[in-house]
Structure formats: C-alpha cells, structure tokens
Amino acid sequence: MSLIKNNRILDVLNGVPVDRTPIWIMRQAGRYLPEYKKTRTKAGSFINLCKTPELASEVTIQPIERFNLDAAIIFSDILTIPDAMGLELQFEDNRGPYFDNPIDNLEDIKSLIDKDITHKLDYVAQAIVQTKNKLNNEIPLIGFSGSPWTLSTYMIEGSATKEFRKIRSMVFNNPKMLELLIKKLINSISEYLIMQAKAGADILMLFDSWGGLLDTENYNYFSLNPMKEIISNLNNSNITKNIPIILFTKGGGNWLNSISKSGCNAIGLDWTSDISVARKIVGENMCLQGNLDPCALHGTEESIKNAAEKIIDGYGYGNRHIFNLGHGIDQYVNPDNLALLINHVQEYSKKYHKS
Ligand code: CP3
4 MSLIKNNRIL
14 DVLNGVPVDR
24 TPIWIMRQAG
34 RYLPEYKKTR
44 TKAGSFINLC
54 KTPELASEVT
64 IQPIERFNLD
74 AAIIFSDILT
84 IPDAMGLELQ
94 FEDNRGPYFD
104 NPIDNLEDIK
114 SLIDKDITHK
124 LDYVAQAIVQ
134 TKNKLNNEIP
144 LIGFSGSPWT
154 LSTYMIEGSA
164 TKEFRKIRSM
174 VFNNPKMLEL
184 LIKKLINSIS
194 EYLIMQAKAG
204 ADILMLFDSW
214 GGLLDTENYN
224 YFSLNPMKEI
234 ISNLNNSNIT
244 KNIPIILFTK
254 GGGNWLNSIS
264 KSGCNAIGLD
274 WTSDISVARK
284 IVGENMCLQG
294 NLDPCALHGT
304 EESIKNAAEK
314 IIDGYGYGNR
324 HIFNLGHGID
334 QYVNPDNLAL
344 LINHVQEYSK
354 KYHKS
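In short: position in the sequence shown from 1, add 3, done, that's our numbering.
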C-alpha cells in the first residue's frame, strides 16, 4: 500500500476509482512562474539549475506550493543523458539547449560513454531525494527521461532544428548507425530511470517529443520498439517492476493502438487527438493523460473553462483519465489562468466520479 496522502494519480494508474479527475501540468515548473525566474537567476544558468539538487528541488516544489496539483515532476531536462554520455550540454536563452559537437559518424557513437552513467547523473538522484523530503508524502513525484529516438534527434541535429533533415535522412541512408546509437541509449535510459525510482520517483514518464516526425513503420522501429525494450527492462527490475509508466509521443495520435500494447500504464495525448476517440481505440484498461491545447491558457476565463469541460465531457464517466495539457505550458501564460484551469477541472470532473 502506498503511503502517499493524495493518491489519485496512482489510483488512476492502477485502475482504482477516484473522486475526481486528477491533474498535473507538463513543464509546471518553468518560466511562467516569477518564483522560477528568481531561482534561475540565483542558479546563474539553466544548466546550473538542473545540476544543483537544492535548487532543482526548490523549483520542483514551487508549482506545488502555488496550485492544488495532484503530482510533482522532478525539475530536470531530457538532455541530461547525452550530457553525461559526453556531449557537453550548452544553453542560450534565445536558442534553447544545444550541443556544439553533435554526432556525425560511427566513431562519435563508439566514443559515447555508456558505463557508469548513473554515477554522473547522481545530481538528479539527489534532487529526487531532497524533493521527496520536501513533499512529505503529500503527492507522488514523477521521474522522467527522453525516449531513445527523441534523444537521438538532439544528439544528431545538435538542437531542435526546423526540418530535422540530418536524422530523418539517417533513418534511410544509415539506419545501422542510428540503431547503434539507439541501442546505447536504451541501456543508459533504463539505468537512469531505475536510478530515479531508487531515489524515490513514484511514477516514470517517457517523453517522445519528436516521435511524430517518423512514418508509421519507422516510428515502430526507431521509437516505439526501443521504448518497449526500456519498459521491459523496467519490468524486469525489482526496483521498477511496480512503478507505473506514462508514454507520451507528441504527434502519436495515429498510433494509439500500437502504443497501448507497449506495456505502458498510461498514454500521453497531444491536443490533436479527440480524447473520446482515443478512449475507444485504447480500450478500458489503458489510462489516458491530456490533452488541452497549451494555448487554451491564453483565452478568457470562460473559454478556458469551456475547453477543459470539452475534454472532461469527451472522456466521460470512468476513472482512467489524468488531466494535463497536450504539451508543456509556455512561458507567457498568466499563472492565474492555470489556477483557474486546475480548480475548474477538479470541481467539474466530480460529476463523472460517483464512485
Ligand atoms: O515538466 C516539468 O516541470 C519538469 C521540467 C522539464 C523541463 N524540460 C524543464 C525545462 C521537463 C520534463 C523537460 C523535458 C524536455 N526538455 C523535453 C520533453 C518535453 C517536451 O517539451 O517535449 C524536451 C524536448 C526538452 C528539451 C528542451 N529543454 C528544450 C527544447 C528547451 C527549450 C524550450 C524552452 O521552453 O525554452 C529546454 C529548456 C527547458 N527545460 C526549460 C525548462 C523549464 C526552459 C529553460 C529556462 O530558460 O529556464
């Protein structure tokens, strides 16, 4: 039995009835919060913020103190793994994260460090330990990693590019090289997620932010199958075998049926999917997370409430929905609008939970 007081999200993930739809928000710790900006200034840089456990746990808690959220997500970035593997992560305010020397050839892949990766990522484990202490078992803590495909895009492109031509060409002109990179990432990501669970993460999430770039066959081969291997590694570890896994492929709406067979416990939906259709596709044993367009938060009080109700009505009666945005919240959102959304979801959804 879990010791966590607000157990709604874990209940949903385990198929246990809840009194209302639980809610958390992707990127809930971020620049739309003035208190985040303050801590980030104190840290000196985004990367320092990620690598200083005391400050990373401080910003993880900020949205929890401000809003009535049903989960925390550890503040970090998906690019911590490539950084630990030897591609030095850089960050510029107007450019976002990037690597100066992205992967170009087989030698680059062979020289990536994939031993003792968790040792180098100990700062994330420390941030989780400190966050769990601050959360005091009030709500669960989500740990996460990028998917092998999504991490490969950054490692090969150097940053989020417009067309992703280099990696999308590699799918066709050098698939063996890409396979080798993805194999290394499967191992590192599995170890990293096990490390996070050991440190105290209650739920694990795979962010496949760029899976939607691929055609169906290559999505299965280069993105979904590697995620399945990770899930199977987690199921085979005593530390993670009972930890629920959320799989989010942005742009994955066409592949919900195959994603539902991946072994994950919940599927993250972006806003382009109709949640009522998605529910029919994945069936009653799979949880859905999502899927409000993040830009809905720039609307009026009335339009925000309407947009949230459409999703809650679309899902209808049942206990397997975790409300979220369909992607991360952006830096220009007024935090008061998010408070309004959270309160409305929690109130309005009660009528669908007469358990
Ligand atoms: O959700 C949370 O509150 C936890 C924190 C979190 C961050 N990044 C913090 C962050 C999580 C879960 C991520 C994951 C992440 N990072 C993804 C997957 C999710 C997604 O958005 O698709 C990706 C693709 C990245 C890579 C990344 N990191 C990009 C493309 C950027 C720049 C975009 C932007 O918003 O500026 C980042 C930087 C980043 N990661 C910020 C935050 C709060 C903004 C950094 C800052 O200036 O302080």
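Don't be surprised by glycine CBs; every beta carbon is placed ideally from N, CA and C.
Asparagine 223 has its alpha-carbon roughly 9 Å from the corresponding atom of tryptophan 258. The segment 124–132 and the segment 170–185 do not touch, with fewer than 3 CB-CB distances between them shorter than 8 Å. At least one heavy atom of the ligand CP3 lies less than 8 Å from the C-beta of tyrosine 39. The shortest CA-to-CA distance from serine 276 to any of Val174, His330, Leu36 is the one to His330. In terms of side-chain proximity, the C-beta atom of arginine 34 is found nearer than 8 Å to a non-hydrogen atom of the ligand CP3. Partner residues in a beta bridge of leucine 344, as assigned by DSSP, do not exist. Looking only at Val285, Asn228, Glu194, Asp211, the smallest Cα-Cα distance to serine 240 is reached by Glu194. In the assembly as shown, histidine 347 is a buried residue. Its beta-carbon has 16 or more other beta-carbons within 10 Å. Short of 6 Å from the beta carbon of alanine 74, and not among the five residues preceding or following it, lie these beta carbons of its own chain, in chain order: Ile12, Trp27, Ile142, Pro143, Ile145.
Rounded to whole angstroms, the gap between the alpha carbons of alanine 269 and alanine 299 is 23 Å.
The beta carbons of leucine 217 and isoleucine 192 sit no closer together than 9 Å. In the DSSP secondary-structure assignment, proline 100 is bridged to Phe94.
Counting only the Cα atoms, glutamine 292 lies some 21 Å from proline 338. Boundaries of the alpha helix (DSSP H) harbouring serine 235: 228–238, taken from the DSSP string. Residue environment for leucine 207: buried (at least 16 other C-beta atoms within 10 angstroms of its C-beta). Secondary structure in the segment 109–172: the alpha helix (DSSP H) runs of 4 residues or longer, each lying completely within the stretch, are 109–113, 120–123, 125–138, 151–160 in chain order. Just so you know, the alpha carbons of arginine 69 and methionine 29 end up roughly 15 Å apart.
Contact between the segment 37–50 and the segment 111–123 is absent, with fewer than three C-beta pairs closer than 8 Å. Short of 8 Å from the beta carbon of isoleucine 314, and not among the five residues preceding or following it, lie these beta carbons of its own chain, in chain order: Ile278, Gly293, Asn294, Leu295, Phe326. Take isoleucine 189, set aside five residues on each side of it, and the residues of its chain with a beta-carbon closer than 8 Å to its own are Pro151, Pro229, Glu232, Ile233, Asn236, in chain order. Contact annotation: glycine 214 and threonine 252 have beta-carbon atoms nearer than 9 Å.
Listed in chain order, the non-local C-beta contacts of asparagine 322 below 8 Å within the same chain comprise Asp14, Val15, Gly18, Val19, Pro20, Val21, His356, Ser358, local neighbours out to five positions each way being set aside. According to DSSP, residue pairing for asparagine 221 in a beta bridge does not occur. When DSSP states are grouped into helix, strand and coil, cysteine 290 belongs to the strand group. In this structure, glycine 99 and serine 162 form a Cβ contact; the two beta carbons are roughly 7 Å apart against a cut-off of 8 Å. Isoleucine 278: member of the alpha helix (DSSP H) spanning 278–285, first to last residue. Nearest to lysine 135 by alpha-carbon distance, out of Ala281, Ala204, Leu227, Asn260, is Ala204. Remark: C-beta atoms of isoleucine 81 and alanine 59 do not approach each other more closely than 9 Å.
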